[in-house]
Amino acid sequence: MFLRIAYSGAFIRQYFQEQDPLSFSFRRCFPSGGTTLLLSGLITLISERLFLDKENFFPTFLIHLAVGLMCLCMSAFVIYRRERAFINRIVRFRDHVD
């Protein structure tokens, strides 16, 4: 599977470089909030290690859940702010009627 993905990536890059070398970049394919997602994952992992107690699960779970929801909201906000044009284009695409 890895070889198939690598071949497809090489083919796509070669195809777009023939048309315009600067028109395609794999880096632009990923959401621009990747750093925020990694930071949120790290904060959630630290929260799990610090707050979540298997002996006293439900009270500590609520603290961990609150930290996780805060990280989710922060990530969603950052990605929405940075990817607003793309999201609007997708919404307009859904509303388009032929």
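In this text, residue positions in the sequence shown follow the numbering used here: the first is -4, and each later residue adds one. Yeah, the Cβ is synthetic: ideal placement off N, Cα and C, and Gly gets one too.
Is it buried or exposed, residue i, if we count other Cβ atoms within 10 angstroms and call 16 or more buried?
| i | result |
| --- | --- |
| S70 | buried |
| G28 | buried |
| S3 | exposed |
May I ask you to report which of helix, strand or coil DSSP gives residue i?
| i | result |
| --- | --- |
| N51 | coil |
| M(-4) | coil |
What's the gap between the Cα of residue i and the Cα of residue j?
| i | j | result |
| --- | --- | --- |
| I85 | I7 | 22 Å |
| L40 | A80 | 31 Å |
| R87 | S35 | 30 Å |
| F52 | R44 | 13 Å |
| V73 | L67 | 10 Å |
| R76 | N83 | 11 Å |
If I follow the unbroken alpha helix (DSSP H) through residue i, where does it start and stop?
| i | result |
| --- | --- |
| G36 | 29 to 46 |
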